[in-house]
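The block underneath contains the structure these notes are about, expressed in structure tokens.
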Amino acid sequence: LKCSSLLAFAQCAWSAMDLHFAPAPAIAPRSDDESARWEIIGAFARWTSFWVVLFYVLGFTMPCLAGWILQSSKAHENNRHWAARNVLGIVHAVIVCGLILPPLVIMLNAPDNVRFGAADFLGTCASATYPDYNRTGQAIALGGLVFSAFIFADVVISMLHGLATLDYYVHHAVFLVAGVIIRGHCMLPLNAAILLSMEASTPFLNFMLLFRNRGPRYTFAVRVTGILFVVLFVAFRLALNTYGAILLWRSRDFAYPDGVPRWQSMFLLGAVQVGSALQFYWFPAIAKTFGKGILELFSGSAGKTSSKNGSTANGGRPAGMEKAADSRKGNGSRSEEGLSKAKVS
């Protein structure tokens, strides 16, 4: 990440996106007035509406795909709302990662006063203090807003259609509060980018959840996406997230701008540390679930059925995957719990 060529690539990639962000004002005192707060609330409401509408559009079109996608052996996976929610998660993760990953590389190479700086204008998180990082900071702020609105919309959707359990709502509530605090103060750009970058593994996890029980046609694709999920989980959720948690802990005395209430700074510090620890708690179950499928893929046994060694079963699905119970509606095995927690974290 310290390689100059990688940094140059990230800067060029972000510039190529050509997103419209507000320029930093010539004189930009830190704005805490009502207009800035209403600007944030309005943007949050628009993004929340976008996610809710997109969910129902996807749910409406799912029956049209029945002739293309095979039926799952698990009844709840044929529910259009369940499938739409998984696709919605993929769309959300792609948007967030597109906004976050190039700025993340830039922030990793930024000085500490930028990493732990706060924007001058709360409405758009524009910065006159560090103009070279103005677009980078606004991209991270937009990614955080998109993420927070998605979390809120997901809670509403899940409650309306019975798609989640109590621990899921508690988890979302913690991350929603953390997202609102960070975006509300336009602070901690590096840690915010690191937390949001964990979404990089979500598209592959959701793809696997969508297709793992739909027969041998998808066995190879499920195994490949499973491998990619594990690799990205280790890279972003274990390695990079741990780095961010340690960095925030070591910088806790100067990481927050003046005016942030004590309880908010302590809440964020605790949430980041606990969240990092939970990734390590879930990883053994995830590794166990995917381990056998990975070995079978590299041994060239994908798509073969062998009742003797149990390498595949139930229509060619990898046994390692089959051991996981139905997500949030199954037998509550630890492997599936790890997958579900990783999905929502």
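Under our numbering, residues 11 to 355 are what the sequence shown spells out, in order. Ideal Cβ positions, reconstructed from N, Cα and C, are used throughout, including at glycine. Please read all numbers here as calculations on a predicted model, not as lab measurements.
Shortest Cα-Cα distance from residue 90 to any of 156, 67, 115 involves 67.
Proximity to residue 45 across 56, 133, 59 peaks at 133, based on C-alpha coordinates.
With contacts defined as CB atoms closer than 7 Å, residue 85 and residue 65 fail to qualify as a contacting pair. Fewer than three pairs of CB atoms, one per stretch, sit closer than 8 Å, so the segment 236–253 makes no contact with the segment 177–195. Leaving aside the five residues that flank residue 275 on each side, the residues in its chain whose CB is nearer than 6 Å to its CB run, in chain order, 266. Per DSSP, reduced to three states, the secondary structure at residue 94 is helical. Here residue 246 is actually not in contact with residue 231; their C-beta atoms are around 22 Å apart, not less than 8 Å. Rounded to the nearest whole angstrom, the C-alpha separation of residue 163 and residue 155 is 12 Å. Residue 130 counts as buried, since at least 16 other C-beta atoms from the protein chains shown sit within 10 angstroms of its C-beta. In the three-state DSSP reduction, residue 264 falls in the coil class, being neither helix nor strand. Residues of the same chain with a CB within less than 7 Å of the CB of residue 283, apart from the 5 flanking positions on each side, are 255, 259 in chain order. Closest option to residue 72, judged by alpha-carbon separation, among 226, 57, 96, 178: 96. If you ignore the 5 residues before and after residue 223, its C-beta comes within less than 7 Å of the C-beta of 82, 83, 84, 87, 327, all in its own chain and listed in chain order. The DSSP assignment places no complete beta strand (DSSP E) segment of no fewer than 3 residues inside the segment 169–202. Excluding sequence positions up to five before and after residue 228, its CB lies within less than 8 Å of the CB of 80, 221, 222, all in the same chain and listed in chain order.
Between residue 153 and residue 199, the C-beta spacing is not below 7 Å.
By the Cβ neighbour-count rule, residue 113 is buried, with 16 or more other Cβ atoms within 10 Å of its own. Counting the other Cβ atoms within 10 Å of the Cβ of residue 123 gives fewer than 16, which makes it exposed. Per the coordinates, the alpha-carbon of residue 235 lies some 10 Å from the alpha-carbon of residue 219.
Comparing C-alpha distances from residue 118 to each of 201, 261, 286 shows the shortest one belongs to 201. By the neighbour-count criterion, in which 16 or more other beta carbons inside 10 Å mark a residue as buried, residue 160 falls on the buried side. Burial state of residue 197 is buried, judged by a 10 Å Cβ sphere holding 16 or more other Cβ atoms.
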